[in-house]
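Reading through the structure tokens given below for one structure.
There are 2 protein chains.
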Amino acid sequence: MAHLDTDDELANPRVSAADLRDAWPVLDTEGRVEGFRHLTSAEAEEIFLELSAIDRAQLLLSLPPAEQRWWLRALPPDDLADVLQAAPDEERGRLLDHLDEATRRETNVLLAYSEDEAGGLMNPRYARLRPDMTVDEAIGYLRRQTRERVESIYYAYVLDQESRLQGVVSFRQLMMARGDARVRDVMVSDLVTVPDEMDQEAVGRLFAQHDLLAIPVVDAEGRMQGVVTADDIVDVVREEATEDIQKIGGTSALEAPYLQVGFLQMFRKRAPWLVILFVSGTLTVGAIRFFQDTLDQIKLLAFFVPLIISSGGNCGSQASTLVIRAMALGELRLRDWWRVFLREVAAGLALGAVLGALGLTIVVAWHHLSGDPTNVPLRDHFLLVGGAIGLSVVGVATWGTLVGALLPFALRRLGLDPASASAPLVATLSDVTGLVIYFSVAIVLLSGTLL
Amino acid sequence: MAHLDTDDELANPRVSAADLRDAWPVLDTEGRVEGFRHLTSAEAEEIFLELSAIDRAQLLLSLPPAEQRWWLRALPPDDLADVLQAAPDEERGRLLDHLDEATRRETNVLLAYSEDEAGGLMNPRYARLRPDMTVDEAIGYLRRQTRERVESIYYAYVLDQESRLQGVVSFRQLMMARGDARVRDVMVSDLVTVPDEMDQEAVGRLFAQHDLLAIPVVDAEGRMQGVVTADDIVDVVREEATEDIQKIGGTSALEAPYLQVGFLQMFRKRAPWLVILFVSGTLTVGAIRFFQDTLDQIKLLAFFVPLIISSGGNCGSQASTLVIRAMALGELRLRDWWRVFLREVAAGLALGAVLGALGLTIVVAWHHLSGDPTNVPLRDHFLLVGGAIGLSVVGVATWGTLVGALLPFALRRLGLDPASASAPLVATLSDVTGLVIYFSVAIVLLSGTLL
């Protein structure tokens, strides 16, 4: 365990990269800077390259200008753009001043893209060749492009005079080819590209589908703009899944690691949804009040309210998470809603039948085991009560399943995020209707005997 | 839209790769084979390389032996191993017979690993060099290694006589280096490796942390076994997130795309959890029955049961999803439970206070708006009733938050998957305790006036 926050430890610079990494989430900015400066330069570089853009920006802004310049120059343009985006507006210009003219221009191009589209993910530095070069010329040309700090890229892209992408050749293919062959004869021309404005989630799906290590980014005119690599996509896929999971749980996306989100910020991400759910939940008060007379006549019905409505919520939360995830993976499109509807009606009825039978069994078993002689309605009509409960569960489970399965489609149709069909929202929506179903079934089945 | 299932269409081979991709999820095996055979060979290869291991195995087993052999040989050993694992046991030997001796040996090594550990993900084919070669010798050696169908790998790994990994050099670095330099002087020796038995989720975290395109896999003696590449990790990260999301929704992991899971299999993934939740939910029946007398005296209390217990479930599902995801990302370890406990007690109290105040306000507003003169208890004691409801909500919300935050830690401590602390499970657990808190607060506050 690291205790970087005690003076004793700081006076004694035995801080390793592992210690600092361990303590990072709980350190304030000052503590991080202190710890960072006690590392060897190799360790500092290791830690610096692992940091998120937000942490990098925070750390950089606390360092003296000379060190800022040094660290900024260690970053490729795509990471630079992320750091600048994470820094306060008023600091951005000062940080940009540390860069050389060419890098500043590249970084400014990237800053024009939103960080969740292909243009914001891409690296604008990549190896370029012309189709009519020979392989030997190409290798010589690449060897002379000894520009420092280019991110490791393993493909060279073949562009025509207008920078339109013609094909791609791996360094390996170049090395294996005959020296006098033309690049155009060695290159692969049937290649996957993405438009610069494609959403990062869609870019992630393309990487998953094609198992590629790099995909070139082109603008509307087919001119190559940069390269997105699979290592960046690993981060994208993790972030998108994290956002969806947090939304499914009924929170707004946190946008930072759990332990690094301040208390107030955490509160702001969680309270609004809880308030919306609570206010929607008051509809249940109205629903029960509406059936007050029925409840007065058969008090027993109140016992089963939480059990019955929660079975609707549970079925709904299964269905909504399955549909939300299938949409995110590109397995379901809007037009598939009818197919999903049919599947989930059947699933809801089947699952409801199992739970309904279980409900009936539990009431019957309860009657036989407890045999409470004061409990007149249950004594005389336990099969009827059990039937009402069982049948309600079938209805509530089917309804909950459909709400859960179709709400993500409805949200998407409205241009909203399907993941907002969170488990708590689906449960709350099916609670209200669940009560109506429950009491209606009870009235129909029990009127004449208990009502 | 594709209609591959009609005879008319099949007689007329105008099937494109896009048509088949579109119709794939709804086609049976026969339809898929038919569609596949109507593609041009380039299109067939495109589709084949996109398929999941399960679909590849199914398709292959329906093709004649000569075609089986052809397609199997198009696959690298790691994909081959996945296909063989997806095929029925009795077919495995027959498929292995199609491979040449060297590939069969490589594939058998991979089959010995579980598919969710580093050894099961890695490609055993990679470029090897010796540290004392010169750069020119290394390039010549690599050019002679013209083995066909090696997956595109952009690093050469430097091994000693015992196959222990000494360093790595990118093809790019080799091309840029002076021809007479030694490989050992060009290579990077400070590199990230993974043990062959490391879980794929941990491998994914390493890729995310270090932004690498490939990580070498070594055995317990430091001997290199193969390479895991970032494109495979994109799939791993997606699969792991899918599993977690499905578990959070209260389903067992589906292990196949939503539309491709058969009805019966879908039922088997969903019914067991619903049954467990329903049976646990019957505890709520007991809880309400226990407080039957209180409920008889103040019927009004029944109106608020769903609202109050669901606020506990909502808070709990927020907390559990945040903690589950932070654990999966490696942001929280078991020993962090105390820190999480403290944060979530505070969060639960703050969120509960907001909802409690809202509850009190709603009762007061309801009293003023409805002014129902027959509703004696609410008329005379609306502030007391509102207070009881508000205070219960604070308690239920705090308790639900803690259950949600700590259940994933408890599951992990027991060696179970934290993601099993699903939203429905947390809601069900907090329903029972929520009822106890609600009725206890009501008894304490209202005894003497309404009780």
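Protein chains in written order, with my numbering: chain A, 438 to 888; chain B, 438 to 888.
For glycine and all other residues, C-beta sits at the position ideal for the given N, C-alpha and C.
The model shown is predicted, which means the values in this text are computed figures rather than measured ones.
Test item: CB-CB of residue i and residue j under 9 Å
i, j, result
"R580 (chain B)", "M570 (chain A)", "no"
"L611 (chain B)", "A651 (chain B)", "no"
"L883 (chain B)", "H818 (chain B)", "yes"
"F727 (chain A)", "Y875 (chain A)", "no"
"L786 (chain B)", "R849 (chain B)", "no"
"R562 (chain B)", "G663 (chain B)", "yes"
"I746 (chain A)", "G871 (chain A)", "yes"
"V671 (chain B)", "A667 (chain A)", "yes"
"V654 (chain A)", "A539 (chain A)", "no"
"V673 (chain B)", "V640 (chain B)", "yes"
"L517 (chain B)", "R529 (chain B)", "no"
"L820 (chain A)", "V840 (chain A)", "no"
"L566 (chain A)", "V606 (chain A)", "yes"
"Y695 (chain A)", "L779 (chain B)", "no"
"P568 (chain B)", "V546 (chain B)", "no"
"Q637 (chain A)", "G557 (chain A)", "yes"
"L496 (chain B)", "T466 (chain B)", "yes"
"A765 (chain B)", "T838 (chain B)", "no"
"A549 (chain A)", "D519 (chain A)", "no"
"L536 (chain B)", "L509 (chain B)", "yes"
"T731 (chain A)", "I880 (chain A)", "yes"
"S453 (chain B)", "E480 (chain B)", "yes"
"S867 (chain A)", "G749 (chain A)", "yes"
"R642 (chain A)", "G767 (chain A)", "yes"
"I799 (chain A)", "P743 (chain B)", "no"
Per-residue DSSP class, three states only, for residue i
i, result
"S607 (chain A)", "strand"
"R770 (chain B)", "coil"
"L737 (chain A)", "helix"
"A511 (chain A)", "coil"
"V801 (chain A)", "helix"
"L464 (chain B)", "coil"
"V881 (chain A)", "helix"
"A690 (chain B)", "coil"
"E552 (chain A)", "coil"
"V388 (chain B)", "With chain B covering only 438 through 888, there is no way to say anything about residue 388 (chain B)."
"V625 (chain A)", "strand"
"T477 (chain A)", "coil"
"T544 (chain A)", "helix"
"S867 (chain B)", "helix"
"L500 (chain B)", "coil"
"V717 (chain A)", "It is Ser, not Val, that sits at residue 717 (chain A) in the sequence shown. DSSP places S717 (chain A) in helix when its eight states are reduced to three."
"T679 (chain B)", "helix"
Beta-bridge partners of residue i, as assigned by DSSP
i, result
"R619 (chain B)", "B:T571"
"P632 (chain B)", "B:V655"
"G663 (chain B)", "B:V654"
"R529 (chain A)", "Bridge partners of R529 (chain A): none, in fact."
"R601 (chain A)", "A:R660"
"L566 (chain A)", "A:V595"
"N560 (chain A)", "A:V664"
Inset, instruction - Check whether the region 671-691 of chain A touches the region 857-871 of chain A, counting contact only when three or more Cβ pairs, one atom from each stretch, lie closer than 8 Å. - result: yes
Legend entry - Touching by the beta-carbon criterion (3+ pairs, under 8 Å), the region 751-761 of chain A and the region 814-830 of chain A: no
Legend entry - Stretch pair the region 700-713 of chain B + the region 786-794 of chain A: three plus CB contacts closer than 8 Å: The answer is yes - the region 786-794 of chain A touches the region 700-713 of chain B, with three or more Cβ pairs under 8 Å.
Inset, instruction - Tell me, please, whether the region 837-845 of chain A touches the region 760-780 of chain A by the rule of three or more beta-carbon pairs shorter than 8 Å. - result: yes
Inset, instruction - Evaluate contact between the region 482-496 of chain B and the region 450-469 of chain B, counting only Cβ atoms and requiring at least three cross-stretch pairs below 8 Å. - result: yes
Inset, instruction - May I have a chain-ordered list of the alpha helix (DSSP H) segments no shorter than 4 residues that lie completely inside the region 719-764 of chain B? - result: 729-734 and 737-740
Inset, instruction - Indicate whether the contact test is met: 3 or more Cβ pairs, each with one atom in the region 641-648 of chain A and one in the region 545-553 of chain A, closer than 8 Å. - result: no
Legend entry - the region 826-837 of chain B touching the region 721-736 of chain B, judged by at least three CB pairs closer than 8 Å: no
Inset, instruction - Could I get the ranges of all uninterrupted beta strand (DSSP E) runs contained in the region 813-865 of chain A, with 3 residues as the minimum, in chain order? - result: none
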